[in-house]
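See below for the structure under consideration.
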Amino acid sequence: RAKLLLILVCIGFASAADHFHFIFRKKNDMIIQHDFSREASDMAADGRNTICTIFKDLALPHKTKYVTAAVRFQGQWVFIRSRGAVSYEMIGGAVRNNEPPETALRRQLYDKAGIVAGKIYEIASYSLSSGSGKVGTAGRTTTYAKLYYTECSCMGTLPNNKTEEVLCSASELSAQQYLHPETSQPLMRKAICWLAGGGAERQAPFAFEKLCGAVTYCRENGIIKYILIKNLSGHIGFPKGHSENGESEQETAQREVYEETGLKPVLLTDFRHTFQYVAPSEANGSLPGADMHKLAVYFAARFTPEEIPQITIQEEEVLKWWFVPYAEAMKLLNKNADKRMLELANRWIEQNRRETEA
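For the sequence shown, the working numbering gives the first residue as 12, with consecutive numbering after it.
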């Protein structure tokens, strides 16, 4: 049976039978923030209200439509304030058709807070029921969602102007600081108790990271030639590497190209393509026991024939390098995703020669 809790404590979460309800009454679409010291009789659902139900079972009776995360970065909780808003939210958003919930959350983490690397843990399933009347009756709508905990290891720059502020706080926010306290408070407290109870130690995370680089080329004597590098793992591809805190995708790509080749080419950001791949746990030295879900972002980068003598390969990370035309580069590449990336880049470079090489 559902239990209505007016005060959330970790003991309450640990001993709950099935799930919890949190009711915040609404009037004229404005949330009336509830004083948790009041009696349950003061919370009669006689008007429009939102009910957040946190389930003990992770399985949902319906498709997951929404994901939310309690996020920590460098020991602090992370909240966002959208443009035009005065209060803060947890990071989350809608799940697209046929999109795994973890992939949806990863997308939201980047779009809304610039988070590019971390570990995602599944905490609980929950539902949001809004409208008038009792749950399960006409006039109410129910959305099913999942709550996650994310330990962020790298936060880049914001990719768009949707978020006004990313707030890092040493403690949980008060009800007055939340844009949607009727959902954020119970979800945050559930996450805090889950973390305090060692939840992150009992499951393998969904680990993710972003790498940025560039298909680096030069037109020499009318022939386009590409720089390929062979890294310590034997992979032959293009200059790329991990993002660092405070970097944009473009800044990471420029830095990695310079570190690995000694070049500072013109970054052509109109060409931007990505691909995803998974590094299995046995090959993932940075996080043993968990597969690493990687997103590679590539731009095009052009340098001039006069800069060829400046090529200085990073010997600590590069076993071998080539500066070769398209056909030879396609033969050297040993991953299909890189071959596809070169195919896209070569076509784009030829089609945009006038603009990119003016």
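For every residue, glycine included, the Cβ atom is placed at its ideal position computed from N, Cα and C.
Outcome for ASN347 when other beta-carbon atoms lying within 10 angstroms are tallied against a minimum of 16: So ASN347 ends up on the exposed side.
Curious, which full-length beta strand (DSSP E) runs of at least 3 residues does the segment 230-285 contain? The segment 230-285 contains these whole beta strand (DSSP E) runs: 234-242 and 251-253.
Pull up the DSSP beta-bridge partners for GLU212, would you. BP columns for GLU212 are empty, so no partner.
Going straight from the alpha carbon of VAL82 to that of ALA207, what length do you get? Their backbone Cα atoms lie some 14 Å apart in a straight line.
Could you tell me which whole alpha helix (DSSP H) segments of length 4 or greater appear in the segment 173-212? Within the segment 173-212, the complete alpha helix (DSSP H) runs of at least 4 residues are 192-207.
Thinking C-alpha only, which one of GLU220, ARG230 and ASP281 is nearest LYS251? That would be GLU220, whose Cα lies nearest to the Cα of LYS251.
Buried or exposed: which applies to ASN372, given that a residue is buried once 16 or more other Cβ atoms fall within 10 Å of its Cβ? Nothing in the structure corresponds to residue 372, since the chain is present only between 12 and 369.
Give the range of the alpha helix (DSSP H) segment to which GLN119 is assigned. For GLN119, the enclosing alpha helix (DSSP H) stretches over residues 112-124.
Assuming SER141 contacts THR152 under a Cβ cut-off of 8 Å, what Cβ separation, rounded to an integer in Å, is found between them? About 6 Å; that satisfies the 8 Å criterion.
GLU270: which of LEU279, GLN325, PRO336 and PHE249 sits nearest, CA to CA? Ranking the options by Cα distance to GLU270, first place goes to GLN325.
In this structure, does DSSP put PHE347 in helix, strand or coil? Note that residue 347 is Asn in the sequence shown, not Phe. In the structure shown, ASN347 sits in a helix (DSSP, three-state: H, G or I).
Beta-carbon separation (whole angstroms), LYS305 vs GLN287, contact threshold 8 Å: Contact check for LYS305 and GLN287: beta-carbon distance about 7 Å, within the 8 Å limit, so the pair qualifies.
With 16 as the cutoff for other CB atoms within 10 Å, does GLN196 come out buried or exposed? Counting Cβ neighbours within 10 Å, GLN196 comes out buried, since at least 16 surround it.
Residues near VAL277 by beta carbon distance below 6 Å, same chain, minus five either side: Only ARG313 meet the Cβ criterion.
Where do the ends of the beta strand (DSSP E) carrying GLU162 lie? Run containing GLU162: 151-166, per the beta strand (DSSP E) assignment.
Buried/exposed call for VAL308, threshold 16 Cβ in 10 Å: Flag for VAL308 reads buried.
Since ARG83 is in the beta strand (DSSP E), which residue starts that stretch and which ends it? Counting along the chain, the beta strand (DSSP E) containing ARG83 begins and ends at 77-84.
With DSSP as the reference, please indicate the residues paired to PHE217 in a beta bridge. PHE217 pairs with ILE131.
By DSSP's criteria, LYS305 is part of a beta bridge. Which residues make up the other side? Paired residue(s): GLU220 and TYR288.
Rank THR227, ARG351 and VAL335 by C-alpha distance to the C-alpha of LEU279 and give the top, closest one. LEU279 has its Cα closest to that of THR227, out of THR227, ARG351 and VAL335.
Judging by CA-CA distance, which residue of ASN108, LEU69, ALA264 and ASN363 is the nearest neighbour of PHE249? If you compare the alpha carbons of ASN108, LEU69, ALA264 and ASN363 with that of PHE249, the shortest gap goes to ALA264.
Just how far apart, CA to CA, sit GLN261 and THR194? Whole-angstrom Cα-Cα distance: 36 Å.
With 16 other CB atoms within 10 Å as the buried threshold, where does ASN357 fall? Buried.
Report the residue from SER259, ILE91 and GLY233 whose alpha carbon sits nearest the alpha carbon of THR315. Among SER259, ILE91 and GLY233, the Cα nearest to that of THR315 belongs to GLY233.
Can you pull the DSSP bridge partners for ILE91? Beta-bridge pairing links ILE91 to GLU100 and VAL177.
Expressed to the nearest angstrom, what Euclidean distance is found between the alpha-carbon atoms of LEU344 and PRO291? Distance between the alpha carbons of LEU344 and PRO291: 21 Å.
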